[in-house]
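Worksheet: the structure to be examined is printed underneath.
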Amino acid sequence: MCKVVNGCLSVMLLIGLIACKQKDKKVDVSPNVDSPLMVSKHQTQFDSIFTNFLQQYYDISNALYNQQLNNANAAAENMIIASDSLPFNLLKADSIIIETAKENVTGIQADLKGLVAETSLQEKLKDFATISQALYDLVRTVQYSKAPVYHFHCDKAFNNAGADWLSNSTTIQNPYLPGSKIVCGTLVDSLKFNQ
């Protein structure tokens, strides 16, 4: 019986020693996966320049709302110039995010040129709708954090096809129904990356 007890104690002691030895080894349990695409919240210089770019968009929206086609054209041309000066090298983000942002800007520039070339308000509004969607995607991609950007939708725009626009205010100033007494606009998203 003593041999059995001594044998059991020896086995338990051996297991304890092995367990203590294992305790000293560090095991890497971090998963081997790609980290998510992130933009740094500390991109003040980029956001300052992006603010001017956004302001040109707001100027286009206001001009269309007021049916001032020449002012819309001037703001669109200013937005093209502002887009050329966006400093993507200052954007603290993954390279995929930077490339996506550049592609968005290229599309926006093409639509801005289209808006300037159009002569009718209705055609300008169609280009503006495309610009609005692309700009919404761009703001989310670069995570613009200087001020909130409000995303509105009007389901009555373009004969009930619907269209979106962005604003720096929660006040509904719908560029798609200029001069109309119909109030159409639903706040669908508030982009606030500064929090």
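For what it's worth, full-length UniProt numbering labels the leading residue of the sequence shown as 1, then goes sequentially. Using N, Cα and C, we set each Cβ at its ideal position, and we do this for glycine too.
Task: Boundaries (first-last residue) of the beta strand (DSSP E) holding T171 - done: For the purposes of this step, residue 171 is identified with residue 171 of the sequence shown, where counting begins at 1. Per DSSP, T171 belongs to no beta strand (DSSP E) and is neither H nor E.
Task: Test item: CB-CB of L90 and F46 under 7 Å - done: The sequence position of residue 90 within the sequence shown is 90, counting from 1. The sequence position of residue 46 within the sequence shown is 46, counting from 1. Yes, these two residues count as a Cβ contact at 7 Å.
Open item on the list: Quick check on S83: does DSSP put it in helix, strand or coil?
Closed with: Within the sequence shown, the letter at position 83 stands for residue 83. Three-state result, S83: helix.
TODO: May I ask you to report which of helix, strand or coil DSSP gives L191?
DONE: One-based indexing of the sequence shown puts residue 191 at position 191. Strand.
Open item on the list: Short of 8 Å in beta carbon distance, which residues of its chain neighbour L121, apart from the five on each side in sequence? Order them along the chain.
Closed with: Translated into positions along the sequence shown, residue 121 becomes position 121. L64, Q67, L69 and P178.
Open item on the list: Can you look up T186 in the DSSP assignment and give me helix, strand or coil?
Closed with: Position 186 of the sequence shown, counted from the first residue, corresponds to residue 186. Three-state result, T186: strand.
Open item on the list: Could you tell me the alpha carbon to alpha carbon distance between K23 and S85, rounded to whole angstroms?
Closed with: Numbered from 1 along the sequence shown, position 23 holds the residue referred to as residue 23. Numbered from 1 along the sequence shown, position 85 holds the residue referred to as residue 85. With a pLDDT of only 46 at K23, under 50, the local geometry of the prediction cannot be trusted, and the value read off the model is given with reservation. Looking at the two C-alpha atoms, the distance is approximately 56 Å.
- [ ] Identify whether A63 lies in helix, strand or coil by the three-state DSSP scheme.
- [x] Here residue 63 corresponds to residue number 63 of the sequence shown, with the count starting at 1. Helix at A63.
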